[in-house]
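According to this note's numbering, the sequence shown is numbered sequentially starting from 455.
So the structure is just underneath, and the comments pick up after that.
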Amino acid sequence: MAKSRLNISLDQDLVDFAKIFAAENRTTVAEVITQYILSLKRRAQGETTSKILTHPAFHEAMEDVQAKLRQGNAEWCTFEEVFTD
Numbered sequence: 455m456a457k458s459r460l461n462i463s464l465d466q467d468l469v470d471f472a473k474i475f476a477a478e479n480r481t482t483v484a485e486v487i488t489q490y491i492l493s494l495k496r497r498a499q500g501e502t503t504s505k506i507l508t509h510p511a512f513h514e515a516m517e518d519v520q521a522k523l524r525q526g527n528a529e530w531c532t533f534e535e536v537f538t539d
């Protein structure tokens, strides 16, 4: 689908938060906003956004990561550390 430009005005503290959040999650502010609006659209249309957990090991790994993030025990790596030989 073709993309269109949307200009919005936000309080500076929200802009700062959005930029930091996007950087920490290795994404863009535009993608954060897109995913949020898409989630709102799906809820409004009665669609669910369920997790696909087809393999028990994947389910267990995802729960482990979520627990580490919630507890603040996650170890962050740079892109290069993860994807460089």
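Beta carbons: idealized from backbone N, C-alpha and C, even for Gly.
Quick caveat, the model's predicted, so the values are computed rather than measured.
Starting from residue i and walking both ways along the alpha helix (DSSP H), at which residues does that stretch end?
i      : result
ARG497 : 483 to 498
MET540 : The structure shown does not extend to residue 540, since the chain is modelled only from 455 to 539, so the question has no answer here.
GLU529 : First-last for GLU529: undefined, no H or E at that position.
What is the DSSP secondary structure of residue i, counted as helix, strand or coil?
i      : result
LYS457 : coil
GLU534 : helix
Straight-line CA distance for residue i to residue j?
i      : j      : result
PHE533 : THR482 : 15 Å
PRO510 : GLN466 : 43 Å
Using alpha carbons as the reference points, say which of the options lies closest to residue i.
i      : options                : result
LEU460 : ARG496, ALA484, LYS495 : ALA484
ASN479 : LYS495, ALA528, ARG496 : ALA528
Between the region 482 to 495 and the region 513 to 530, can you find at least three pairs of beta-carbon atoms closer than 8 Å? Output reads no: the region 482 to 495 does not touch the region 513 to 530.
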